[in-house]
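Undergrad:
Protein chains: 2
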Amino acid sequence: MQDEASVRIEIISVGNELLIGKVVNTNASWMAKRATSLGTTVRRITVISDDVEEISTAVREAIKRKPRFIITTGGLGPTFDDKTLEGLAKALKQNLKVNEKALGMVKKRYEEYRKQGGTIDPELTAPRVKMATIPENAKPLHNPVGTAPAAIMNLRGTVLIALPGVPSEMEAIFEESIVPMLKKEAGGIVFFEASIFADSIMESTLAPLIDKVMHDNACVYIKSHPKSKENTPHIELHFSTTAKDEQTAKERIGKAIAQLSALTEANSGKIRTKVIR
Amino acid sequence: MQDEASVRIEIISVGNELLIGKVVNTNASWMAKRATSLGTTVRRITVISDDVEEISTAVREAIKRKPRFIITTGGLGPTFDDKTLEGLAKALKQNLKVNEKALGMVKKRYEEYRKQGGTIDPELTAPRVKMATIPENAKPLHNPVGTAPAAIMNLRGTVLIALPGVPSEMEAIFEESIVPMLKKEAGGIVFFEASIFADSIMESTLAPLIDKVMHDNACVYIKSHPKSKENTPHIELHFSTTAKDEQTAKERIGKAIAQLSALTEANSGKIRTKVIR
Chain A
765 MQDEASVRIE
775 IISVGNELLI
785 GKVVNTNASW
795 MAKRATSLGT
805 TVRRITVISD
815 DVEEISTAVR
825 EAIKRKPRFI
835 ITTGGLGPTF
845 DDKTLEGLAK
855 ALKQNLKVNE
865 KALGMVKKRY
875 EEYRKQGGTI
885 DPELTAPRVK
895 MATIPENAKP
905 LHNPVGTAPA
915 AIMNLRGTVL
925 IALPGVPSEM
935 EAIFEESIVP
945 MLKKEAGGIV
955 FFEASIFADS
965 IMESTLAPLI
975 DKVMHDNACV
985 YIKSHPKSKE
995 NTPHIELHFS
1005 TTAKDEQTAK
1015 ERIGKAIAQL
1025 SALTEANSGK
1035 IRTKVIR
Chain B
765 MQDEASVRIE
775 IISVGNELLI
785 GKVVNTNASW
795 MAKRATSLGT
805 TVRRITVISD
815 DVEEISTAVR
825 EAIKRKPRFI
835 ITTGGLGPTF
845 DDKTLEGLAK
855 ALKQNLKVNE
865 KALGMVKKRY
875 EEYRKQGGTI
885 DPELTAPRVK
895 MATIPENAKP
905 LHNPVGTAPA
915 AIMNLRGTVL
925 IALPGVPSEM
935 EAIFEESIVP
945 MLKKEAGGIV
955 FFEASIFADS
965 IMESTLAPLI
975 DKVMHDNACV
985 YIKSHPKSKE
995 NTPHIELHFS
1005 TTAKDEQTAK
1015 ERIGKAIAQL
1025 SALTEANSGK
1035 IRTKVIR
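Going down the list, the protein sequences come from chains A and B. Quick note on the numbering used here: the first sequence kicks off at 765 and runs consecutively. Quick note on the numbering used here: the second sequence kicks off at 765 and runs consecutively.
1. Going straight from the alpha carbon of residue 783 of chain B to that of residue 791 of chain A, what length do you get?
2. Under a three-way DSSP split, which group does residue 765 of chain A fall into?
3. Roughly how many whole angstroms lie between the Cα atoms of residue 866 of chain B and residue 988 of chain A?
4. Checking contacts by CB at 8 Å: is residue 1010 of chain B closer than that to chain A?
5. Compare the Cα-Cα distances from residue 911 of chain A to each of A:841, A:940 and A:939 and report the closest residue.
6. Can you give the beta carbon distance from residue 1035 of chain A to residue 962 of chain A, rounded, assuming they're within the 8 Å contact cut?
7. At the level of alpha carbons, what is the spacing between residue 934 of chain B and residue 942 of chain B?
8. Would you please verify whether the beta carbon of residue 791 of chain B is less than 8 Å from any beta carbon of chain A?
9. Check each candidate in A:945, A:1020 and A:809 and name the one with the smallest Cα separation from residue 958 of chain A.
10. According to DSSP, which residues form a beta bridge with residue 968 of chain B?
11. So, under 8 Å CB-CB, residue 856 of chain A and residue 908 of chain A are touching, yes? Tell me the CB distance rounded to an integer number of Å.
12. Looking at C-alpha atoms only, which residue of A:781, A:832 and A:794 is the closest neighbour of residue 808 of chain B?
13. Strictly below 9 Å CB to CB, what residues from chain A border residue 839 of chain B?
14. Excluding the 5 residues preceding and the 5 following residue 878 of chain B in the sequence, name in chain order all residues of the same chain whose CB lies nearer than 6 Å to its CB.
15. Tell me the DSSP secondary structure of residue 784 of chain A in three-state form.
16. So for residue 1003 of chain B, helix, strand or coil by DSSP?
17. Just grab the DSSP bridge partners of residue 905 of chain A for me.
18. Does the CB of residue 852 of chain A have a neighbour CB from chain B at under 8 Å?
19. Check residue 810 of chain A in the structure and name its three-state DSSP category.
20. Any C-beta of chain A within less than 8 Å: which residues of the stretch 998-1027 of chain B qualify?
21. Please go through the same chain and pick out, in chain order, the residues whose beta-carbon is closer than 8 Å to the beta-carbon of residue 1029 of chain A, but skip the five residues on each side of it.
22. Give a yes or no on whether 8 Å exceeds the smallest Cβ distance from residue 783 of chain B to chain A.
23. How would you write the range of the beta strand (DSSP E) that residue 1017 of chain B sits in, first residue to last?
24. So, helix, strand or coil for residue 931 of chain B, using DSSP?
25. If the cut is a Cβ gap below 8 Å, which residues of chain A does residue 833 of chain B touch?
26. Which residues of chain A have a Cβ atom closer than 9 Å to the Cβ of residue 952 of chain B, listed in chain order?
27. Examine the Cβ distances between the stretch 846-865 of chain A and the stretch 921-929 of chain A and report whether three or more of them are shorter than 8 Å.
28. Who are the near neighbours of residue 799 of chain A in its chain, counting only those whose CB is closer than 7 Å to its CB and skipping five residues on each side?
29. Just the Cα atoms here: how many angstroms apart are residue 765 of chain B and residue 813 of chain A?
30. If we ignore side chains and look at the alpha-carbon of each, how far apart do residue 787 of chain B and residue 802 of chain B end up?
31. Can you tell me whether DSSP reads residue 845 of chain A as helix, strand or coil?
32. State yes or no: is the beta carbon of residue 908 of chain A nearer than 8 Å to at least one beta carbon in chain B?
33. Please tell me whether, using a cut-off of 7 Å, the distance from the CB of residue 828 of chain B to the nearest non-hydrogen atom of the ligand COA is below it.
34. Closer than 8 Å, CB to CB, is residue 880 of chain A near chain B or not?
35. What is the DSSP secondary structure of residue 982 of chain B, reduced to helix, strand or coil?
36. What are the boundary residues of the beta strand (DSSP E) that residue 919 of chain B is part of?
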């Protein structure tokens, strides 16, 4: 999190359903976990409504912060409220154009459906052509499980990718097309995390002990997560680091865990559970 | 969502755990649902790391968009990585000061713990005083279930509130102190939503039908959520509206549901399940 040299990512989640609390943003946490595991750093997640102006503004703001990747989810489907590509076009001052390659992808998918189902009309109606209408400088990305292609474009120093919001489609495209890019950019950096649980010691007592261990272990980040009330303490202590290889990462985390465990026990705390991930 | 006259809210979630995908942001969706149910509109959710600069930047950006409320969660505890109040102070160019009322709240809580537990030292150590150290123009808000008080301050036209990240504490303070404010601001406006499920009709076929029903029912927002693949369609159709009373809202939604159900069935779709909330 603190490593400024790391590959920075911003996620923009588009969808009214996220802003009315109808849907929990598991897409963002799934991507954040996956991207972190590959050694990259998610710096910001922004959730906005299905509104061209809001999408355009959020994308422009993100571009100004110069992350290596901006990944949007949601708003690529056939209905009127799928407005992400329109928002991107506006942000980038580009026209929306029917992309022939994207149209081929959509067409192929409906023909497959027809072969499988029989009664489905594969005609390229306006809502279907809409899914292939992307900003003029964008390229489509193959969607292995759904109809709407994703879109990718290279800006100066930033790669902008628009993924669908249906989780199975988002995940499939992420694995197929984005994971290889992130791996390449991260250059073999690994993220490693582990948790232990401390009982019978208050978070306010733990605070200076955590400070000391972080001071003595420069590249390890420790965060306490209270799982109960301050006076009946059950606290998760989460250790994480980013390193050039797994052994270095594990050694660092192991050393910090040993030191904080000893300090906790010296202050009447109990280390009850150890979870290593 | 489209109503510009509505009371606008922004949520800022602070915490590395959200950006590494360790924790799903259920706090934001809980608040979004609760605020929406009271007739207010959440316009943006921003997730950032435990970093003073990031917090300060995100808060300044939110203030510029002039929402009526900005609510932050996370980062109010006793440890070094609880940096939200420092971030707010920086954003507002205010000093951090020990607030006597807040200190009284923290002190009272530890004395209660001592009475309940026996062995707990109620001494106001530095990490505990930290929880009562808030921006100089802020006031503390009572925390009914935890130790760290929340903080509130009035800016020009915007109320800025900092809540803890522990869900039980966040929810308790929200119910006790924020719900009455939102109710008053919303002035009796109600939000109403309902869903029906359509089978055997593809989203690309539904798209123009939804357009028509939204056109004919000006204040109703309809969003389709595919729950399966395009060729074996099972689609949730979510209807929502904001109205001055519940009866108006229910009548509007009922009329739109009836029209879209009829159109769907006329296009070989099946309305299988009806869920009214």
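Think of the CB as a built atom: it goes at the ideal place given N, C-alpha and C, for glycine as much as any other residue.
TA: Concretely, from the data shown:
1. Within the model, the alpha-carbon separation for residue 783 of chain B versus residue 791 of chain A is close to 12 Å.
2. Residue placement at residue 765 of chain A cannot be trusted, given a pLDDT of 45 that sits under 50; the coordinates are not used to answer.
3. Distance between residue 866 of chain B and residue 988 of chain A, taken at the CA atoms: about 22 Å.
4. Residue 1010 of chain B is outside the set of residues whose beta carbon lies under 8 Å from a beta carbon in chain A.
5. With distances taken between Cα atoms, residue 911 of chain A lies closest to A:841.
6. With a Cβ gap of about 6 Å, residue 1035 of chain A and residue 962 of chain A count as contacting.
7. One C-alpha to the other measures close to 10 Å.
8. Residue contact with chain A for residue 791 of chain B: absent (no Cβ-Cβ distance below 8 Å to any residue of chain A).
9. Per the Cα distances, A:1020.
10. Its beta-bridge partners do not exist; DSSP assigns none.
11. A Cβ-Cβ separation of about 27 Å leaves residue 856 of chain A out of contact with residue 908 of chain A under the 8 Å criterion.
12. Selected option, being the one with the closest Cα: A:781.
13. Near residue 839 of chain B there are no residues of chain A at all, since even the closest Cβ is about 11 Å away, more than 9 Å.
14. So the qualifying residues of the chain are 884 and 886.
15. In the displayed model, residue 784 of chain A falls within coil according to three-state DSSP, outside both helix and strand.
16. Looking at residue 1003 of chain B - three-state DSSP - the assignment turns out to be strand.
17. BP columns for residue 905 of chain A point to A:914.
18. Under the Cβ distance rule, residue 852 of chain A does not count among the residues neighbouring chain B, no pair being separated by less than 8 Å.
19. Note: residue 810 of chain A maps to strand in three-state DSSP.
20. Along the stretch 998-1027 of chain B, the positions whose C-beta sits under 8 Å from a C-beta of chain A are 1002 and 1004, read in chain order.
21. Cβ within range, chain order: 1035.
22. By this cut-off, residue 783 of chain B is an interface position.
23. Per DSSP, residue 1017 of chain B belongs to no beta strand (DSSP E); it is in the alpha helix (DSSP H), 1010-1030.
24. DSSP places residue 931 of chain B in helix when its eight states are reduced to three.
25. Near residue 833 of chain B there are no residues of chain A at all, since even the closest Cβ is about 14 Å away, more than 8 Å.
26. Below the 9 Å Cβ cutoff, chain A contributes no neighbours of residue 952 of chain B, its closest Cβ being approximately 19 Å away.
27. These segments touch.
28. Closer than 7 Å at the Cβ level, and outside the excluded window around residue 799 of chain A, lie 773, 806 and 946.
29. With a pLDDT of 45 at residue 765 of chain B, under the threshold of 50, the predicted position of this residue should be treated as unreliable, though the coordinate-derived value follows. Distance between the alpha carbons of residue 765 of chain B and residue 813 of chain A: 8 Å.
30. Roughly 27 Å between the two C-alpha positions.
31. It is coil, neither helix nor strand.
32. By this cut-off, residue 908 of chain A is not an interface position.
33. Ligands are entirely absent from the displayed structure, and the ligand COA is therefore not among its contents.
34. Using a Cβ-Cβ cut-off of 8 Å, residue 880 of chain A counts as an interface residue toward chain B, since at least one Cβ of chain B sits closer than that to its own.
35. Shown here, residue 982 of chain B sits in coil according to DSSP, grouped into three states, outside any helix or strand.
36. Premise fails: residue 919 of chain B is in no beta strand (DSSP E) and is neither H nor E.
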